[in-house]
Amino acid sequence: MTRDEILKTLGEQSAALLATLADIPDEAQTKIPYVDWWTIKDLIGHVAMWQQVAIQFIKDYKVDGTPKMLGIKDDADLDRYNKRGVTLQRDLSLDAVRQEMEITHRDLITAVESLTDADLAKPLPPPWGEGATLERLIAVNSYQHTPEHLEQIAAFKLQAKNLT
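Using my numbering, you'd call the opening residue of the sequence shown number 6 and step up by one each time.
Written out as structure tokens, the structure is:
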């Protein structure tokens with residue numbers, strides 16, 4: 006994707022996420038698990054956390070052309086990383102987590118705006134694997150990640166509707 010396409014997609018997905026969350030009562034967002042033990046509030050923090058990872062990758066790239074790896078080697082590492090992120094935000098209020106998501110989204114937009122299409126498409130050096138680009142790192146941590154959670158929220162809302 007080009008920079009402008011990424012920016013458009015990020016904007017559309019942010020709007021879709023906010024619209025999807027708008028009609029879920031605050032209490033339901035903080036008390037009712039929507040997947041396993043995660044609440045909607047946990048999801049909001051999770052989305053922000055991964056967008057922060059994308060921002061850090063961009064910052065690293067700007068310093069020396071090589072984003073620093075997270076040390077995630079398998080699904081178990083990924084699960085631990087996700088759980089740690091949710092646990093760190095567990096005691097925050099819903100408003101604080103929402104604000105963090107909004108700030109992080111704006112910061113991601115600003116970071117992407119600072120890139121060129123050439124930056125996004127340039128192959129990353131080792132230790133990144135073949136085909137790794139900054140665009141790919143941004144994608145998997147933002148606009149290719151959010152749709153999965155939009156689907157989960159839709160299923161949560163349908164299930165909640167069927168219970169009433």
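The beta carbon of each residue, even a glycine, is placed where N, CA and C say it ideally should be.
Taking 8 Å as the threshold (C-beta atoms), are residue j and residue i in contact?
i: L139; j: L120; result: yes
i: L155; j: A21; result: yes
i: T1; j: Q57; result: Lying before the first or after the last residue shown, residue 1 is absent from the chain, which here runs from 6 to 169.
i: A137; j: L129; result: yes
Considering only residues of the same chain and omitting the five flanking positions on each side of residue i, which have a CB-CB separation below 6 Å?
i: A116; result: I60, I63
i: M54; result: G90
i: I11; result: V117
i: H110; result: S19
Determine the DSSP secondary structure at residue i, reduced to helix, strand or coil.
i: T92; result: helix
i: P152; result: helix
i: T109; result: helix
i: T7; result: coil
i: W43; result: strand
i: T71; result: coil
i: T138; result: strand
Would you kindly work out how many angstroms separate the C-alpha atoms of residue i and residue j, rounded to a whole number?
i: A160; j: R8; result: 31 Å
i: K166; j: K46; result: 19 Å
i: G134; j: M6; result: 19 Å
i: D41; j: D84; result: 13 Å
i: A101; j: I29; result: 17 Å
i: I77; j: A27; result: 33 Å
i: D80; j: D65; result: 24 Å
i: K127; j: D69; result: 13 Å
i: S75; j: A123; result: Here residue 75 turns out to be Leu, not Ser, going by the sequence shown. In a straight line, the C-alpha of L75 is about 24 Å away from that of A123.
i: K13; j: E153; result: 18 Å
Going by C-alpha distance, which of the options is nearest residue i?
i: L15; options: I158, Y86, Q149; result: Q149
i: P72; options: E153, P131, G136, Q18; result: P131
i: K67; options: V102, Q18, L48, E118; result: E118
i: S147; options: D122, A123, P128, L113; result: L113
Leaving aside the five residues before and after residue i along the sequence, list all residues of the same chain whose C-beta is less than 7 Å from its C-beta, in chain order.
i: L99; result: D31, Q34, T35, K46
i: N87; result: H51
i: I37; result: T44
i: M106; result: I49, V52, A53
i: L142; result: A59, F62, P72
i: R103; result: I49
Return no unless some Cβ of chain C is closer than 8 Å to the Cβ of residue i.
i: K78; result: Absent here is chain C; the protein component of the structure consists of one chain.
In its own chain, which residues sit with a C-beta less than 8 Å from the C-beta of residue i, not counting the 5 before and 5 after it?
i: A24; result: none
i: Q157; result: Y39, V40, L48
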